[in-house]
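Contents: one structure, followed by commentary.
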Amino acid sequence: MAKTVQTLHLDQKKALHKGLIFNIQKFSLNDGPGIRTVIFFKGCPLRCKWCSNPESQARHPESMYDESKQQNITVGKYWTVDDLMKIILQDKAFYAESHGGVTLSGGEVLFQAPFAIELSKAIKAAHLHLACETTGDARPQIFKEFMQYIDFMYYDCKQWDPTKHRAGTGGTNKVILNNLATAVAAGINVHVRIPVIPGFNYTLKDAAQFGRLFNKIGVNAVELLPFHQFGLKKYADLHRQYALKKQPQLQASDLTDYKTVLEDAGIQTTINSW
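Numbered according to the UniProt record's numbering, the sequence shown terminates at residue 274, and the numbering increases by one at each position without gaps.
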């Protein structure tokens with residue numbers, strides 16, 4: 001019995017040094033400066049109704065139908081830091097040539113905070129540029145520790161109103177906004193993005209309130225992400241219901257007035273035209 005308990009204990013310790021990853025994208029040009037390798041962490045504390053990567057939400061491997069293979073596949077694999085670094089370092093010459101590096105994305109990177117910090121330390125020890133994409137939904141002390149390794153941060157800001165935020169994402173925005181303020185005050189290179197979603201934050205009042213919020217925090221630039229349906233099929237492949245299935249997509253032109261309101265508040269604003 002003692003031997004069995006000891007074995008389980010060793011297995012648990014070993015698991016702490018692995019991260020659950022659902023995708024590794026090499027030669028990305030859209031997730032930070034230069035050529036990048038993007039590591040996608042599986043698991044997220046939020047359940048945004050418009051999420052385009054529903055396979056990223058659960059914090060465990062899961063089955064998903066792959067149409068190209070005409071069969072179910074397992075989404076999510078456990079990796080060690082050493083094994084990920086072997087993949088990352090394969091393209092070190094391309095990072096140097098293009099001023100690129102590595103981006104940690106999700107899901108939510110900090111939903112696996114110990115592993116994310118361990119991997120970040122290894123990336124910085126290799127003298128690589130490190131970016132992250134985050135919801136900011138993490139305990140403040142963990143967020144502060146993590147951000148010291150980050151050179152560039154994409155930060156999603158979904159709602160200024162706490163009640164509406166909870167209704168659309170299942171979580172509070174208090175810690176998210178506090179962590180955003182912490183990152184800005186620390187001088188982190190933060191790129192704030194607003195996913196603009198009909199029925200959630202797509203009014204000029206929302207734009208005006210975001211402007212007031214960003215002025216208070218010290219955010220002077222923001223990118224608007226028009227609602228799209230790129231993840232629609234994934235819900236069916238995961239056998240999940242999708243609340244916004246019938247919602248028409250937004251075009252960049254639909255956000256012109258939204259952009260103007262933010263700019264009138266002194267916020268430099270761009271629109272992502274997918």
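Backbone N, C-alpha and C define an ideal beta-carbon position, used for all residues, glycine too.
Owing to the predicted nature of the structure, the values given are computational and were not obtained by experimental measurement.
- The beta-bridge partner set that DSSP reports for I39 consists of I24 and L104.
- The stretch 166 to 183 and the stretch 70 to 85 do not touch, with fewer than three beta-carbon pairs separated by less than 8 Å.
- In this structure, the straight-line span from the alpha carbon of N215 to that of S120 is close to 31 Å.
- Across the set L110, I21, Q90 and L130, the C-alpha of L130 shows the shortest separation from the C-alpha of V102.
- Sorting F41, H239 and K205 by C-alpha distance to the C-alpha of Q112 places F41 at the top.
- By a beta-carbon distance limit of 8 Å, A183 contacts Y155. Their separation comes to about 7 Å.
- Runs of the beta strand (DSSP E) lying entirely within the stretch 198 to 268 and spanning at least 3 residues, in chain order: 221 to 226.
- Distance from the Cα of H60 is smallest, within the candidate group Q71, A252, G76 and W50, for G76.
- In this chain, F115 is not harboured by any beta strand (DSSP E); it is covered by the alpha helix (DSSP H) spanning A113 to A125.
- Under the three-state reduction of DSSP output, L177 falls in the helix class.
- When DSSP states are grouped into helix, strand and coil, E55 belongs to the helix group.
- I123 and E145 do not touch by the CB rule: their CB atoms are close to 15 Å apart, not below 8 Å.
- By the 16-neighbour rule on beta-carbons within 10 angstroms, Q268 is exposed.
- Looking from the CA of V222, the closest CA among N272, Q251 and F200 belongs to N272.
- Residue pairing by DSSP places T80 opposite K18 in a beta bridge.
- The Cβ atoms of I35 and G100 lie closer than 8 Å to each other.
- For L89 and A126, the gap between their C-alpha atoms comes out near 8 Å.
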